[in-house]
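Scroll down for the structure; my scribbles are underneath it.
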Amino acid sequence: MERFVGQARLEWWANHETCLEEYGIDLTVAVDAGGTWRATGRHANALDATQREGWDFLMEMDPCFSVAFPGEDSPGILVRVFEAEDGTLTLTEVPDGEIR
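Numbered according to our numbering, the sequence shown spans residues 94 to 193.
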């Protein structure tokens, strides 16, 4: 995949069996010639107060989520998420072997 633009899910997994939360996002992913994976996005829908509280809690605990692309039922690429003040999400791939 060199470029993807569409919807995906951010999933926060407590362990290999327990997904605590998932968030729909509008996502743009680009992979450069060197294989570096870069992505930006936004929440697909505005978070209500309860969802925002959960999001903030998970981000504070550990901003690592799995990205699941359309048609995928299992966790995908592990990413670290940064949220800017304007709500833009920047996702960077977590290197293999790095764990929570």
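Using N, Cα and C, we set each Cβ at its ideal position, and we do this for glycine too.
Just so it is clear, the structure is predicted and the values come from calculations on it, not from any experiment.
Secondary structure in the segment 113-162: the alpha helix (DSSP H) runs of 4 residues or longer, each lying completely within the stretch, are 142-154 in chain order. In the three-state reduction of the DSSP assignment, G164 falls in the coil class. Here T181 carries a coil assignment [DSSP, helix/strand/coil]. At the C-beta level, A101 and A161 come within 8 Å of one another. As the crow flies, the alpha-carbon of L182 is around 16 Å from that of Q144. Looking at the DSSP output, E110 shares a beta bridge with no other residue. In the structure shown, the three-state DSSP call for G169 is coil. If you draw a straight line from the Cα of I170 to the Cα of E186, it comes to about 7 Å. In the three-state reduction of the DSSP assignment, V187 falls in the coil class, being assigned neither a helical nor a strand state.
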